[in-house]
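First to last, the sequence lines map onto chains H and D. Okay, so the first sequence: first residue is 1 according to the working numbering, each after it adds one. Okay, so the second sequence: first residue is 1001 according to the working numbering, each after it adds one. From the three backbone atoms N, C-alpha and C, an ideal C-beta is built for every residue, glycine too. Keep in mind that this is a model prediction, so the values were computed, not measured.
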Amino acid sequence: MSKNNRIWKKISKLDDRIILALLFGSVIVTQIFPVGLPLPIMDTTKWLYDGIEKYASPGSVIIIDNEVSPGLLYENGQGSAAVMTHIFRKPGIKIIITHFTPESPIMFSKLVDLKWLNIPDDKKYGEDYILMPYLPGIETAYAAVAKDLWIYEKDLYGTPLKDIPMMNEIKTLADVDLIFQTTISGGHADAAIRQWAQTYNIPFGWCLSAPMLPTYMPYVPSQAFGAIGGVPGGAQYELLIKKPGNAVSYSDSVSLIILLSFLMMVIVNISEFMSKTGGGES
Amino acid sequence: MSILMRKNLPQALTAIVGFILVVDYYFKINEIRLLSDTFTLYGTIIAAFALMLGAFSVARIQILNIIKKGKEWYLSVLLLGTMILFISTGLSLGTTSSIYKTMYNTIITIISTHSWTLVGAATFTAAIRVFRVKSIESTLLFLAAMLVTFATVPIGTWINPEFKTIGDWIMSIPTVAGNRGFIITAAIGGIVLSFRTLIGKEKRALGVELTES
């Protein structure tokens, strides 16, 4: 085997530690020296923004199905917080926040604590918004809530629903005007689209993880009027609501990682081809 | 357990509940609606019991491992200790208490985030290692992945603004067409499977192997 061939072979079997060091280095460099490249707004993101502008009108009832997961907090947490902040800014609306994963109620308070989600001072708990506790059963639970929102009996803090003024006129999903779901689970996304959006024909918006977005594109913009995916979607939404936050600051890192990954894929492919064909041998 | 209790009764219950739910979806009959609502409510209660059963099952396996001084029994002690700590704090102070939230955020959130970070890093290295352009199909996959990815990140449109147009087109047309095919096929399969379960032809949902039926 020639010297050139050995080099190509070595490149094609690049050590994991070198790849991970490059990954780590690219994140650190872009965080220390942000470039601030202009961010493109995808059609699906714009559709989600426009849908919320259209349907979250004064007097409307909105369900936010919050399924933010601790593991992927930095994947779809910022996008979720950006959309929720947009919804909370709307005047004269009632918001019901539901949870179908055990960890999501804590994750909601985490978004508030991190100041990713800003609840305006004029929005009062029990009058303008309410947090529901975790309900097990995924698809069955979604179906049960659709038929009777009072299935909960009590809110997250143990207050009976009959003592919460905003719930007096909200009984079933038929009283709801808009649904926004944030999830990284296909089971929850499927259940919400089947049991809520499709069955009751209610405008529905999504915040998914980046890899989920292409899978759920067949539902956009018909059953779901818009959707965002992962950090890129979150960053675009932060710009649309004019509240650039963490997702925007991560955009440079994401850009560099993507560029790096494709460059390395190309290099590894070329080197494998050259090592097999004996490229460079005189 | 007799075959009646093991197979026939669950099969009959599945069929009755299933038919009532299907009829309720297509026909608006008050009596059926009442039954359907009750069964849906039962579903959430059973799911809560299933969670409890899962917790008991995990505890039982770990306790047995500790008693037998089995493989890595000290990890079972750690798991049981954490489980008891979380359950007792949640039951006594409530899951909305600051102590429970602090425990959750300093243990579970951190561990989960790190686990997913490791998955991300592994995916990154695996993608570079495995993605080999050897055929027309893999070349198309590589190009589509590159175009869609570059359409969503700033560097893509900085290199060439057309990446956004192409990426939006790939997401809206070929992606939708392909995935819609998958979804419709899976849905038709689901309908067939559900119908077979309702009429008692499909028994695997009840844990009965095909060879037994």
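Between which two residues does the beta strand (DSSP E) containing residue i stretch?
{"i": "E1137(D)", "result": "Not the beta strand (DSSP E): E1137(D) falls in the alpha helix (DSSP H), residues I1136 to T1152."}
{"i": "P132(H)", "result": "In the sequence as presented, Pro is not what sits at residue 132(H); that position holds Met. Segment Y129 to Y134, the beta strand (DSSP E) holding M132(H)."}
{"i": "L178(H)", "result": "L178 to T183"}
Does the distance from the CB of residue i to the CB of residue j come in under 7 Å?
{"i": "V248(H)", "j": "V231(H)", "result": "no"}
{"i": "L339(H)", "j": "S12(H)", "result": "What is shown of chain H runs 1 to 282, which leaves residue 339(H) out entirely."}
{"i": "T98(H)", "j": "M132(H)", "result": "yes"}
{"i": "M264(H)", "j": "M1171(D)", "result": "no"}
{"i": "S104(H)", "j": "N66(H)", "result": "yes"}
{"i": "L48(H)", "j": "A81(H)", "result": "no"}
{"i": "G79(H)", "j": "V68(H)", "result": "no"}
{"i": "A143(H)", "j": "Q195(H)", "result": "yes"}
{"i": "A235(H)", "j": "S209(H)", "result": "no"}
{"i": "I258(H)", "j": "T1149(D)", "result": "yes"}
{"i": "F1163(D)", "j": "A1151(D)", "result": "yes"}
{"i": "L256(H)", "j": "T101(H)", "result": "no"}
{"i": "T1096(D)", "j": "Y152(H)", "result": "no"}
{"i": "G137(H)", "j": "A1047(D)", "result": "yes"}
{"i": "P203(H)", "j": "Y74(H)", "result": "no"}
{"i": "L240(H)", "j": "P1154(D)", "result": "no"}
{"i": "I228(H)", "j": "Y237(H)", "result": "yes"}
Taking residue i as the reference, give the member of the options with the closest Cα.
{"i": "P1174(D)", "options": "C207(H), G137(H), T215(H) and W196(H)", "result": "T215(H)"}
{"i": "E139(H)", "options": "V1023(D), P1010(D) and T1040(D)", "result": "T1040(D)"}
{"i": "I14(H)", "options": "A1055(D), K1071(D) and A1126(D)", "result": "One detail in the question is off: residue 14(H) reads as Leu in this sequence, not Ile. Comparing Cα positions, the closest option is A1126(D)."}
{"i": "L1085(D)", "options": "Y1074(D), T1096(D), E1072(D) and Y1100(D)", "result": "Y1100(D)"}
{"i": "V176(H)", "options": "A197(H), H188(H), T159(H) and P160(H)", "result": "A197(H)"}
{"i": "Q1062(D)", "options": "L1051(D), W1169(D), M1083(D) and V1133(D)", "result": "M1083(D)"}
{"i": "V145(H)", "options": "T159(H), I96(H), P120(H) and P160(H)", "result": "I96(H)"}
{"i": "P221(H)", "options": "I28(H), N246(H), A21(H) and T45(H)", "result": "T45(H)"}
If I follow the unbroken alpha helix (DSSP H) through residue i, where does it start and stop?
{"i": "V68(H)", "result": "That residue, V68(H), is in no alpha helix (DSSP H); it is neither H nor E in DSSP."}
{"i": "L1206(D)", "result": "Unbroken run through L1206(D): none, as it is neither H nor E."}
{"i": "G226(H)", "result": "No alpha helix (DSSP H) contains G226(H), which is instead part of the beta strand (DSSP E) from G226 to G229."}
{"i": "M274(H)", "result": "N246 to T277"}
{"i": "M1052(D)", "result": "N1030 to I1067"}
{"i": "W1073(D)", "result": "W1073 to L1093"}
{"i": "F24(H)", "result": "D16 to I32"}
{"i": "V1176(D)", "result": "P1174 to L1198"}
{"i": "R1006(D)", "result": "Careful: R1006(D) lies outside any alpha helix (DSSP H) and carries neither H nor E."}
{"i": "V1133(D)", "result": "First-last for V1133(D): undefined, no H or E at that position."}
{"i": "N4(H)", "result": "K3 to S12"}
{"i": "A197(H)", "result": "Unbroken run through A197(H): none, as it is neither H nor E."}
{"i": "I106(H)", "result": "S104 to D113"}
Can you tell me the Cα-Cα spacing of residue i and residue j, whole angstroms?
{"i": "P40(H)", "j": "N1065(D)", "result": "54 Å"}
{"i": "I164(H)", "j": "E127(H)", "result": "7 Å"}
{"i": "G1120(D)", "j": "K1007(D)", "result": "44 Å"}
{"i": "I179(H)", "j": "L135(H)", "result": "17 Å"}
{"i": "F1019(D)", "j": "L1035(D)", "result": "11 Å"}
{"i": "F225(H)", "j": "I52(H)", "result": "9 Å"}
{"i": "I1183(D)", "j": "I1045(D)", "result": "30 Å"}
{"i": "L1198(D)", "j": "A192(H)", "result": "24 Å"}
{"i": "I1136(D)", "j": "T1038(D)", "result": "54 Å"}
{"i": "T182(H)", "j": "S1076(D)", "result": "34 Å"}
{"i": "G1043(D)", "j": "P91(H)", "result": "37 Å"}
{"i": "E169(H)", "j": "K124(H)", "result": "17 Å"}
{"i": "I62(H)", "j": "K115(H)", "result": "22 Å"}
{"i": "I18(H)", "j": "F24(H)", "result": "10 Å"}
{"i": "V1022(D)", "j": "L1053(D)", "result": "29 Å"}
{"i": "L213(H)", "j": "H1114(D)", "result": "23 Å"}
{"i": "E1202(D)", "j": "G1189(D)", "result": "13 Å"}
{"i": "V1176(D)", "j": "I1191(D)", "result": "22 Å"}
{"i": "L1004(D)", "j": "E1031(D)", "result": "29 Å"}
{"i": "I1169(D)", "j": "W1158(D)", "result": "First, the amino acid is wrong: residue 1169(D) is Trp here, not Ile. Cα to Cα, the separation comes out at about 18 Å."}
{"i": "M167(H)", "j": "L149(H)", "result": "9 Å"}
{"i": "S1213(D)", "j": "T1185(D)", "result": "Low per-residue confidence applies at S1213(D): pLDDT is 43, beneath 50, and the placement is therefore not dependable, though the value from the model is reported in the following sentence. So the alpha carbons of these two residues sit roughly 27 Å apart."}
Any idea which residues DSSP pairs residue i with across the strands?
{"i": "H99(H)", "result": "Y134(H)"}
{"i": "F204(H)", "result": "I179(H)"}
{"i": "K94(H)", "result": "V61(H)"}
{"i": "P160(H)", "result": "K154(H)"}
{"i": "Y142(H)", "result": "In DSSP, Y142(H) forms no bridge with anything."}
{"i": "Y125(H)", "result": "Y129(H)"}
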